[in-house]
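Residue numbers (this note's numbering), protein chains in the order written: chain A, 1 to 232; chain B, 1001 to 1224; chain C, 2001 to 2226. Every residue gets a Cβ at the ideal spot worked out from N, C-alpha and C, and that includes glycine. Here the structure is a predicted model, which means the values were calculated and not measured. Here's the structure, in structure tokens; my notes come after.
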Amino acid sequence: MSAVAVDGVWKYYGDYPALKNIRLTAERGACLALIGRNGAGKTTLLRIIAGFNRPGRGQVRIFGHEPRETDTRRQIGFLGHGISVYDELSAFENLKLYAELYNLPDPRGSATEWLERTGLARVSGGLVREFSRGMRQRLAVARAFLHEPSVLLLDEPFTALDDKAIAVLQRLLREALAQGKTIVMSTHQLREALELSSHVAMLNRGQVAFHGPCTPEMVSDPGYVYARYGEG
Amino acid sequence: MRDKILYGLGAFAILILINDIVHIMGLPDEVNQGAIFKIIFFHVPVAITALTAAAVALIASVLFLVTKNFVYDALAVAVTEVGLAFLAANLVTGSLWGRVIWGVYWAWDARLTSALVCWLLYAGYLMLRHAIEEPTQRATFAAVFSIFAFIDVPIVIFSIKWWRTQHPQPVFWGGGSFPSAWLPYFLWNLVAMLLIGTIFTMTRLRQEESQRELDYLRRLAHSM
Amino acid sequence: MGFLHQAFVITVKDLRAELRTKEAVNSSFAFALVILLLFSFAFDSFEETTQQMAGGLLWIVFAFAGTLILNRSFARELPNDCLDALIAAPISGAALFLGKAVANFILVMAVELISLPVFGIFSNVHWTRQFPELMLVLVLGSWGMTIIGTIFSALTVNIRLREVMLPMLTYPILIPPLMGAMQLTSGLVAGTPIAPDTVVWLKVLIGFDVVYTAVSLFLVETVLVG
């Protein structure tokens, strides 16, 4: 059973199909890079996989279950464009809140641990609105990884990260893959993503233009996939 | 074919109305209220049609939420707009009656006040639709609001009636008697109003379908 | 984690975030004061008729000032895309909604309870005479307002002109409970206890609260996820 299985998914905005007959899988332990131009449907697809929107047709299965099932939601970690942490709360309060929502046995302990792992231990009591951008991004990463999800869904995670945050995220992603977790990540930063990825899928105008293993050629020349399978 | 049916029904409805109006004008004036009492032939059928429209809107909204079929969304908006127009006609005819009988255009009569509140509720439905651009979200949220609005209708009618019981005001139709011989005209008018309401709804439905096609083509063009 | 515990976590989060900035409560209370002041200019507080209207005026103040708090309810989740994280978390839409409704209710009640003495002073009204019954009406009326305001805050969170749409949608729906609250409050503030002919309004309030709490809990997931 695949970790993530997208089967015949269509997404309509009114009558207009933003996603057409998407078929993708990501096996356990795989890292799937989702690439494509802006407007190709990457964010739409990721949000459907995460369960934020329902597909018009077709289905998504995470370990064989619907994404919205309560137990499945526990296994999904989502990192979107926004950092999804509260400006008026402290870093610690934010993580403790999510730890409680995800039913972790020791919310305070988990929050403290992940603040350390993302290098934010010194500012744990600081309010998020006073953080620098890089610190906010690292807190967002901590929030997504906090409940040890088996499936990580990341929407352009490397965009707008400073060097320290990129290093933290790459380290955490490598650790996650080593633990057998599954990652689906949409990206424009082809180099950072393709270094980690085991598979690549390219979306073009709402359809899957390419889906296969990530080859060394792709890593050394990221534009290769676009040239070969895209439309200029 | 559909057009022909609509034209046919329209002609039928107009014939009924003309026939009724001619006869109603020939009827003797009502004893207490005079000629203006005859407005009841239009005021009440229009209200009944509006209420029917609200019920259809509710059913269409629920069906949309269950099936996600946009036909039900189109039906909900069409029938709500028609209901709104009929409610407005109800308010106007009631107001005219009040002007003649009581000398005031508005006297906070229970039924008219309830009609006004319901009009506001369904105007809110249309405003909500106008504020949401994305079709699926618009249909879903409008359907939810329609359910909230319809549940409020009986509560509103009851509350306003009780308010008026506690603070009595002149009651419309008070002191007027309705001879049973006039009932056929009333019923035919009701049929005519329901037909007209149906025709307007079908026409509006057609408009909704065209609009959806346009939206689709526009989005397709934008994605090129 | 139980449903109620999840709702409680959300209530605490909302209250903590609001009390850090106090944006909504401060503006709500300031707004209430301004309206009370305007009413004092519009109506002579020593007139008999104003005393009779007092209950009605009070609820207009509560309804308008309350909207400022209720509007923030789901809107506060928009910056940083926090709403996404809440929807993704294994918390039911109903628990999220209930948690927010309770937080809103506490904030709305706080503004009302602070406004009440001010109202008493400006309008020259002794509102303590039937205090327990007045509190009951305040609680029932405010809960009705809160439930509708919170669910419609969810409904309007992503649309344009949100601040304008929310009042225009909620006030017509709230006419029955506002009417009931006004009728009851006018009597209580004048010193007359709830009589058999006014107890009907209490039933309207309770009925409205029960029905719409149930409907909102049922439909909130549809509003949040579609």
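Just to make sure I have the definition right: I need the residues of chain C whose C-beta is within less than 9 Å of the C-beta of residue i. Which are they?
{"i": "leucine 1126 (chain B)", "result": "None at all; the shortest Cβ gap to chain C is about 11 Å."}
{"i": "aspartate 1020 (chain B)", "result": "What aspartate 1020 (chain B) touches in chain C: nothing, since even the nearest Cβ is about 34 Å away."}
{"i": "threonine 70 (chain A)", "result": "Pro2090, Ile2091, Ser2092"}
{"i": "phenylalanine 78 (chain A)", "result": "Asp2084, Ala2085, Ala2088"}
Could you work out which residues of chain A lie near residue i, taking near to mean beta carbons separated by less than 8 Å?
{"i": "arginine 2072 (chain C)", "result": "Going along chain A, no residue has its Cβ under 8 Å from arginine 2072 (chain C), so there is no contact; the nearest lies around 12 Å."}
{"i": "lysine 2022 (chain C)", "result": "Per Cβ cutoff of 8 Å: no residues; lysine 2022 (chain C) is ~10 Å from chain A at best."}
{"i": "threonine 1067 (chain B)", "result": "Here the premise fails: no neighbours, minimum Cβ distance about 12 Å."}
{"i": "glutamine 2006 (chain C)", "result": "Leu101"}
Would you mind sorting residue i into buried or exposed? The rule is 16 or more other CB atoms within 10 Å of its CB.
{"i": "isoleucine 2121 (chain C)", "result": "exposed"}
{"i": "arginine 143 (chain A)", "result": "buried"}
{"i": "valine 1100 (chain B)", "result": "exposed"}
{"i": "aspartate 1003 (chain B)", "result": "exposed"}
{"i": "methionine 2145 (chain C)", "result": "buried"}
{"i": "proline 2196 (chain C)", "result": "exposed"}
{"i": "serine 1061 (chain B)", "result": "buried"}
{"i": "tryptophan 1162 (chain B)", "result": "buried"}
{"i": "tyrosine 2212 (chain C)", "result": "buried"}
{"i": "asparagine 94 (chain A)", "result": "buried"}
{"i": "glycine 232 (chain A)", "result": "In this prediction, glycine 232 (chain A) has a pLDDT of 45, which is less than 50 and means its spatial position is unreliable; nothing more can be read from the coordinates."}
{"i": "serine 2142 (chain C)", "result": "buried"}
{"i": "lysine 1038 (chain B)", "result": "buried"}
{"i": "valine 2034 (chain C)", "result": "exposed"}
{"i": "alanine 2042 (chain C)", "result": "exposed"}
{"i": "phenylalanine 52 (chain A)", "result": "buried"}
{"i": "alanine 99 (chain A)", "result": "buried"}
{"i": "proline 216 (chain A)", "result": "exposed"}
{"i": "glutamine 179 (chain A)", "result": "exposed"}
Give the interface partners of residue i over in chain A, defined as CB-CB distance under 9 Å, in chain order.
{"i": "valine 2009 (chain C)", "result": "Leu97, Glu100, Leu101"}
{"i": "asparagine 2080 (chain C)", "result": "Gly82, Ile83, Ser84, Val85, Tyr86, Asp87, Val128, Arg136, Ala140"}
{"i": "alanine 2075 (chain C)", "result": "Here the premise fails: no neighbours, minimum Cβ distance about 13 Å."}
Which residues of chain A have a Cβ atom closer than 7 Å to the Cβ of residue i, listed in chain order?
{"i": "leucine 1220 (chain B)", "result": "Tyr16"}
{"i": "alanine 2017 (chain C)", "result": "Tyr86, Glu88, Leu89"}
Check the DSSP bridge columns for residue i and list the partner residues they point to.
{"i": "tyrosine 16 (chain A)", "result": "A:Tyr13"}
{"i": "histidine 211 (chain A)", "result": "A:Ala201"}
{"i": "methionine 185 (chain A)", "result": "A:Ala33, A:Leu154"}
{"i": "isoleucine 22 (chain A)", "result": "A:Val9"}
{"i": "phenylalanine 78 (chain A)", "result": "A:Leu153"}
{"i": "valine 266 (chain A)", "result": "The question about residue 266 (chain A) has no answer here: the residues shown for chain A are numbered 1 through 232."}
{"i": "leucine 2174 (chain C)", "result": "Per DSSP, none; premise fails for leucine 2174 (chain C)."}
{"i": "histidine 65 (chain A)", "result": "A:Ile62"}
{"i": "leucine 127 (chain A)", "result": "A:Ser90"}
Kindly list, in the order they appear in chain C, the residues whose Cβ is closer than 8 Å to that of residue i.
{"i": "isoleucine 1147 (chain B)", "result": "Val2215, Leu2219"}
{"i": "valine 1144 (chain B)", "result": "Leu2155, Leu2219, Thr2222, Val2223"}
Chain C partners of residue i, CB-CB under 7 Å?
{"i": "alanine 233 (chain A)", "result": "It is not possible to answer for residue 233 (chain A), since the shown part of chain A is limited to 1 through 232."}
{"i": "phenylalanine 63 (chain A)", "result": "Chain C residues near phenylalanine 63 (chain A): none, gap ~15 Å exceeds 7 Å."}
{"i": "methionine 1131 (chain B)", "result": "As written in the sequence, residue 1131 (chain B) is alanine, which differs from the methionine given in the question. Neighbours of alanine 1131 (chain B) on chain C, chain order: Ile2159, Arg2160, Leu2161, Met2165."}
{"i": "phenylalanine 145 (chain A)", "result": "By Cβ distance, chain C contributes nothing, its closest Cβ being about 13 Å from phenylalanine 145 (chain A), past 7 Å."}
{"i": "arginine 74 (chain A)", "result": "Pro2090"}
Output, in chain order, the set of chain D residues within a Cβ distance shorter than 8 Å of residue i.
{"i": "tryptophan 1163 (chain B)", "result": "Structure shown: chain D not included; protein chains present are A, B and C."}
For this session: Give, in chain order, every residue of the stretch 2203-2226 of chain C whose Cβ lies closer than 8 Å to some Cβ of chain B.
Result: Answer set for the stretch 2203-2226 of chain C: Val2204, Gly2207, Phe2208, Val2211, Tyr2212, Val2215, Leu2219, Thr2222, Val2223, Gly2226.
Exercise. At a Cβ cut of 9 Å, what residues of the stretch 2151-2172 of chain C count as close to chain A, listed as they run along the chain?
Worked result: Shown here is that no member of the stretch 2151-2172 of chain C has a Cβ falling below 9 Å from a Cβ of chain A.
Problem set entry | Positions along the stretch 1073-1087 of chain B whose CB lies within less than 8 Å of some CB in chain A | Listed in sequence order: no entries.
For this session: May I ask you to verify whether the stretch 1115-1126 of chain B touches the stretch 1080-1090 of chain B, counting CB pairs closer than 8 Å and requiring at least 3?
Result: Enough Cβ pairs lie closer than 8 Å, so yes.
Exercise. Using a beta-carbon distance cut-off of less than 7 Å, what residues from the stretch 2081-2115 of chain C approach chain A?
Worked result: Against chain A - using a Cβ distance shorter than 7 Å - the residues of the stretch 2081-2115 of chain C are Asp2081, Cys2082, Asp2084, Ala2085, Ile2087, Ala2088, Ala2089, Pro2090, Ile2091.
Exercise. For the stretch 161-168 of chain A against the stretch 2093-2103 of chain C, are there 3 or more C-beta pairs whose distance is under 8 Å?
Worked result: The stretch 161-168 of chain A vs the stretch 2093-2103 of chain C: no contact.
Exercise. Using a Cβ cut-off of 8 Å, which residues of the stretch 1089-1113 of chain B contact any Cβ in chain C, in chain order?
Worked result: Taking 8 Å as the Cβ-Cβ cut-off against chain C, none of the residues of the stretch 1089-1113 of chain B qualify.
Exercise. Should the stretch 12-21 of chain A be regarded as contacting the stretch 1132-1152 of chain B, the criterion being three or more beta carbon pairs within less than 8 Å?
Worked result: They touch, by the three-pair rule.
Problem set entry | Three CB pairs or more closer than 8 Å across the stretch 2050-2061 of chain C and the stretch 2181-2200 of chain C | Yes, since at least three Cβ pairs between the stretch 2050-2061 of chain C and the stretch 2181-2200 of chain C fall closer than 8 Å, the two stretches touch.
Exercise. With a cut-off of 8 Å, do at least 3 Cβ pairs link the stretch 97-111 of chain A to the stretch 166-186 of chain A?
Worked result: With a cut-off of 8 Å, the stretch 166-186 of chain A and the stretch 97-111 of chain A do not count as touching, because too few Cβ pairs lie within range.
Exercise. Are the stretch 2013-2029 of chain C and the stretch 38-47 of chain A touching by the rule of at least three beta carbon pairs closer than 8 Å?
Worked result: Judged by pairs of C-beta atoms under 8 Å, the stretch 2013-2029 of chain C does not touch the stretch 38-47 of chain A, as fewer than three such pairs exist.
Exercise. Given 8 Å as the limit, is there contact between the stretch 1193-1210 of chain B and the stretch 1067-1081 of chain B, that is, 3 or more CB pairs closer than that?
Worked result: A contact is defined here as three or more CB-CB pairs under 8 Å, and the stretch 1193-1210 of chain B meets this definition with respect to the stretch 1067-1081 of chain B.
For this session: Determine, using beta-carbon pairs with one atom in the stretch 2155-2164 of chain C and one in the stretch 2070-2078 of chain C, whether at least three such pairs fall under 8 Å.
Result: In the pairwise beta carbon analysis, the stretch 2155-2164 of chain C is classified as touching the stretch 2070-2078 of chain C: at least three pairs are separated by under 8 Å.
For this session: Would you check if there are 3 or more beta carbon pairs closer than 8 Å linking the stretch 1143-1156 of chain B to the stretch 1007-1017 of chain B?
Result: They do not touch, by the three-pair rule.
Exercise. Any chance the stretch 2-9 of chain A sits against the stretch 166-179 of chain A, with 3 or more Cβ pairs inside 8 Å?
Worked result: No contact exists between the stretch 2-9 of chain A and the stretch 166-179 of chain A.
For this session: Flag this pair as touching only if the stretch 197-217 of chain A and the stretch 27-35 of chain A have three or more C-beta atom pairs under 8 Å; answer yes or no.
Result: Segments in contact, yes.
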